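Report on the following structure.
Protein chains in written order, with our numbering: chain A, -16 to 185; chain B, 11 to 441.
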C-alpha cells in the first residue's frame, strides 16, 4: 500500500510506491534517504542526473505487450564510453524488476543467482565462454562502471561514485546474462532484450 | 512516446586530418565519424584519432541531408550518417542508401532508400524460429515473432560511400552478405560481416510519411518494392474479401438448391409433329405449386433448326393452359481438319399450371436445313422427344448474386495479383 513520507531535508511529500524501498531520493531537493521503520533518515545528497530525453519517466506507466509497469526509481552508471540507466520498475501485479536502457537498447533483468560461482573478474576474457545454467555463454563485454546518480525509490543502499566490475554474456537465442562483481558478492542477472518500438504509454 | 525534457546538444569539432568542420549529433554509442571533406575515419573514443581514410569517395545523390530532423512513428530522429551500398548482379549494379538516424529515446535506426522507396529498419535480438542460412532459396519461409516471412533476396554487397557518424567502424569496399525476407509491410534482414551477424526488423514507409517527416519533396516510386504493402484502403480490402466469401457461399447455395427435378413423363412423338401437330399421352400434374420443365429434344437434328410450339392442354384438348415456344438448332462441320459444332438439339422451358390434374402436350413443329430462316414445308424429323420434369429449382437468383459478389471482389483481387506479380516477377526477370 503506497504511503506518503515527508522529506526530512525540505519537507517535500514523497509518495512511496514500492513496498519496501531501502533508499528514497527526494525529487525536490535530491537528498538521499534511508527508509527506517517507516521514517526517512537523511544520508546526504545524490548527484543530480543530467536529463537526456528518455523513453521512460518516473511514475508514468508503460506497456510492453501484456506487461504493464511503472518506473519508480533510476540509477545511472557510467561505463567510460557512455552511461546507461537502470530503471527500477513496478509491474501492475506489484512485482519489482529492473529495466536497463542504453540508447534504445533495452533489457528487462532479474536476479538469477546470488553469489554465483564463476571465475574471478581478472581471469575472464572477452570472447571466452562460461557455462551458466548449462548454457554456453560468450563474454561480449568486460568493464567497470561507476554509479553517478539516482532518482526515486530503490531497493538497495546506493553509494555515489561506487564502482564495480561486470561482464556481459550472450548465449544462443540471444539469452543474456550480466555478472556483477561487487567486492566478495558476485550476482548474476538474466536479461531479456525487448524492442523499444514495442513499448507504449499505458 | 518520448520524454523530451532536454534537447539533444550539438557538438562541433574539427577533423583531425583536414581541419574541416564536423558536427556531432549522435549519442555515446557512436564509434566513428567519417569526415565529409577528406574521408578520414575518426575514432570518437580516442580523441578523434584518424583510423583510416575512405579514398576517392564520390558523394551520391542524397534526398536527405545529414543533420535533417524528423518524426517517424511519433519519435524524433536526427540523420547522423549515411552509407551507400552497391550490389552487382549479371552486370547490373544496384545501389541504395542507408541513413543512420539517432533518437535519444529509441537509439539508432536505419532508413534505407532505394528507387524512391523507404524502409525504416532497426536492430533486433529476435532470431528466426527455424534454422536459417544467409543464402536460402527464394520464397523459403522464415518465422520471426510468430510472423511468416518469405525470403526475397540473398546477395552480397559492398560499401561504396560513407559519411558522418556510425556506431561501428566501416571499411572502404567492405563486403556484407545479406538475406532479406518479407511479410509486407515488414521486412526481416540478416546481415553478415566478417566479424558479426546482425538481425534487423524493418517496415515500409510511404513517400508521404518521409516527405512530411523531414519536409522534403518526395519522389513517387514507379516500381514495387520487396516489402511494399498493396496500398489499398482497408475498407475496400474488407469489402472485397467479404464479397469473395459471399460469392463462394452463394455458389455453394446454388449447387445446394438448384435441381433438375424428377421425371414425370418422357415420350417420343413422330413425324406428325411437323404435319398437323403431335399429341402426347396424358400425364398427371399433382403439385401445381411446383415448377415444371418441358424438354424437347430432336436427336436427328443436324445442320438445321427447328421451332416447336408446345401447348399444355386438358385431356379433351379444349382448353389451353399455356403455350411454350422452343427453338433448337445444331450445326457442325470440319474446318482445316478440326471438327466444330454449335447449338444444341434440345432445349428446356419451364411452366406452372393453375391446378393439379391430367394434361396433354400438343407439339407443332417447323424447321429448315442450312441457314435459311424461312421454314421448309417439307422439313420433318422422325422423332421428337418430350420430357416433363417436376420440382425444377432454377436457382437463377442465387447465381445472379454469385456473379454480382464476384464482380465486386474481382477488381481488388485482380489488382492484388498484378501487384504481387510485379513484386516477385520483376526480380525473376532479372534472374
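Virtual Cβ for every residue (Gly too), placed ideally from N, Cα, C. Bear in mind the structure is a predicted one, so any value in this text is a computation, not a measurement.
Does DSSP classify residue 83/A as helix, strand or coil? Note: residue 83/A maps to strand in three-state DSSP.
With 9 Å as the limit, tell me which residues of the stretch 125 to 146 of chain B have their beta carbon closer than that to any beta carbon of chain A; keep them in chain order. For the stretch 125 to 146 of chain B, which is checked against every Cβ of chain A, the residues closer than 9 Å are 132, 133, 134, 135, 136 and 137.
Along the stretch 51 to 76 of chain B, what residues have a CB closer than 7 Å to any CB found in chain A? Cβ contacts with chain A come from 55.
Any contact between the stretch 252 to 261 of chain B and the stretch 416 to 428 of chain B? By contact I mean 3 or more CB pairs, one from each, below 8 Å. The stretch 252 to 261 of chain B makes contact with the stretch 416 to 428 of chain B; the number of CB pairs closer than 8 Å reaches 3 or more.
Looking at residue 79/B and the ligand SAH, is the gap between the Cβ and the nearest heavy atom below 7 Å? Ligands displayed in this structure: none; no statement on the ligand SAH is therefore possible.
Assigned exposure category for residue 350/B - 16 Cβ within 10 Å defines buried: Taking every protein chain shown into account, the CB of residue 350/B has fewer than 16 other CB atoms within 10 angstroms, so this residue is exposed.
Taking 8 Å as the threshold (beta carbon to beta carbon), is residue 160/A in contact with chain B? Judged by the 8 Å Cβ criterion, residue 160/A is not in contact with chain B.
Got a sec? Which residues, its chain only, sit under 6 Å from residue 210/B by beta carbon, not counting five neighbours each side? Within its own chain, the residues whose Cβ lies closer than 6 Å to the Cβ of residue 210/B, once the five positions on either side in sequence are excluded, are 131, 133 and 199, listed in chain order.
For residue 335/B, write down the residues that DSSP places opposite it in a beta bridge. The partner list for residue 335/B (beta bridge, DSSP) reads 319/B.
Roughly how many angstroms separate the alpha carbons of residue 149/B and residue 431/B, rounded to a whole number? Between residue 149/B and residue 431/B, the C-alpha separation is close to 13 Å.
Is it right to say residue 115/B is buried, meaning 16 or more other beta carbons lie within 10 angstroms of its own, or is it exposed? Residue 115/B should be labelled buried.
Going by Cα to Cα distance, which pick from 140/B, 58/B and 89/B is closest to residue 73/B? Per the C-alpha coordinates, the member of 140/B, 58/B and 89/B positioned closest to residue 73/B is 89/B.
Check whether the Cβ atoms of residue 51/B and residue 38/B lie closer than 8 Å to each other. No, the Cβ-Cβ distance between residue 51/B and residue 38/B is not below 8 Å.
Do the CB positions of residue 331/B and residue 363/B come within less than 8 Å of each other? Cβ atoms of residue 331/B and residue 363/B: closer than 8 Å.
Quick check on residue 88/A - is its C-beta less than 8 Å from some C-beta in chain B? The beta carbon of residue 88/A falls within 8 Å of a beta carbon belonging to chain B, placing the residue at that interface.
Integer-rounded CB distance, given that residue 169/A should sit under 8 Å from residue 101/A: Contact holds; Cβ gap of about 6 Å.
Work out the CA separation of residue 371/B and residue 327/B for me, nearest whole Å. Going from the Cα of residue 327/B to the Cα of residue 371/B covers about 9 Å.
Looking at chain A, is there any beta carbon in it that lies within less than 8 Å of the beta carbon of residue 114/B? Using beta-carbon distances, residue 114/B counts as an interface residue toward chain A, with a partner under 8 Å.
Which residues in the same chain have their Cβ closer than 8 Å to the Cβ of residue 181/B, if we skip the five residues on either side of it in sequence? Hits under 8 Å: 62 and 169.
Answer yes if the stretch 125 to 136 of chain A comes into contact with the stretch 58 to 68 of chain A, meaning at least three C-beta pairs across the two stretches below 8 Å, and no otherwise. Three or more pairs of CB atoms, one per stretch, sit closer than 8 Å, so the stretch 58 to 68 of chain A contacts the stretch 125 to 136 of chain A.
To the nearest angstrom, how far is it from the Cα of residue 139/A to the Cα of residue 67/A? Taking the straight line joining both Cα atoms gives about 18 Å.
Would you kindly check if the distance between the Cβ of residue 36/B and the Cβ of residue 87/B is under 8 Å? It is not a contact, given that the beta carbons lie outside the stated cut-off.
In chain order, each alpha helix (DSSP H) run of at least 4 residues that lies wholly inside the stretch 87 to 169 of chain A: Annotation: the stretch 87 to 169 of chain A contains no complete segment of the alpha helix (DSSP H) (minimum length 4 residues).
To which residues of the same chain is residue 54/B closer than 7 Å at the C-beta, ignoring the five residues directly before and after it? So the qualifying residues of the chain are 40, 41, 42 and 43.
Relative to the C-alpha of residue 117/B, which candidate in 37/A, 151/A and 163/A has its C-alpha closest? For the residues 37/A, 151/A and 163/A, the minimum Cα distance to residue 117/B belongs to 37/A.
Under 8 Å, with one C-beta from each stretch per pair, do the stretch 406 to 417 of chain B and the stretch 293 to 302 of chain B reach the 3-pair mark? Look at the beta carbons and you see the stretch 406 to 417 of chain B not touching the stretch 293 to 302 of chain B: under three pairs across the two are nearer than 8 Å.
The stretch 18 to 52 of chain B: which residues have C-beta closer than 8 Å to a C-beta of chain A, in chain order? Within the stretch 18 to 52 of chain B, the qualifying residues are 18, 37, 38 and 39.
What are the boundary residues of the alpha helix (DSSP H) that residue 246/B is part of? For residue 246/B, the enclosing alpha helix (DSSP H) stretches over residues 244 to 267.
With a floor of 3 residues, list each beta strand (DSSP E) that falls wholly inside the stretch 42 to 69 of chain B, ordered by position along the chain. Along the length of the stretch 42 to 69 of chain B, whole beta strand (DSSP E) runs at least 3 residues long occupy 42 to 44, 50 to 53 and 59 to 63, reported in chain order.
Note down, in chain order, all residues in the stretch 54 to 72 of chain A with a beta-carbon under 8 Å from any beta-carbon belonging to chain B. Residues of the stretch 54 to 72 of chain A whose Cβ lies closer than 8 Å to any Cβ of chain B, in chain order: 64, 65 and 66.
Residues near residue 121/B in its chain [Cβ-Cβ closer than 7 Å; skip 5 each side]: 109, 111, 128 and 130.
Anticipated Cβ contact below 8 Å, residue 224/B with residue 78/B, distance rounded: Right, their Cβ atoms sit about 5 Å apart.
Please report the straight-line C-alpha distance between residue 76/B and residue 47/B, rounded to a whole angstrom. Note on geometry: alpha-carbon atoms of residue 76/B and residue 47/B lie some 14 Å from one another.
Pull the bridge partners of residue 97/B from the DSSP assignment, please. The secondary-structure analysis by DSSP pairs residue 97/B across a beta bridge with 104/B.
Along the chain, where does the alpha helix (DSSP H) that runs through residue 218/B open and close? Taken as a continuous stretch (DSSP letters only), the alpha helix (DSSP H) holding residue 218/B covers 217 to 224.
How about residue 267/B and residue 373/B: are their beta carbons less than 8 Å apart? Their beta carbons are not under 8 Å apart, which means residue 267/B does not touch residue 373/B by this criterion.
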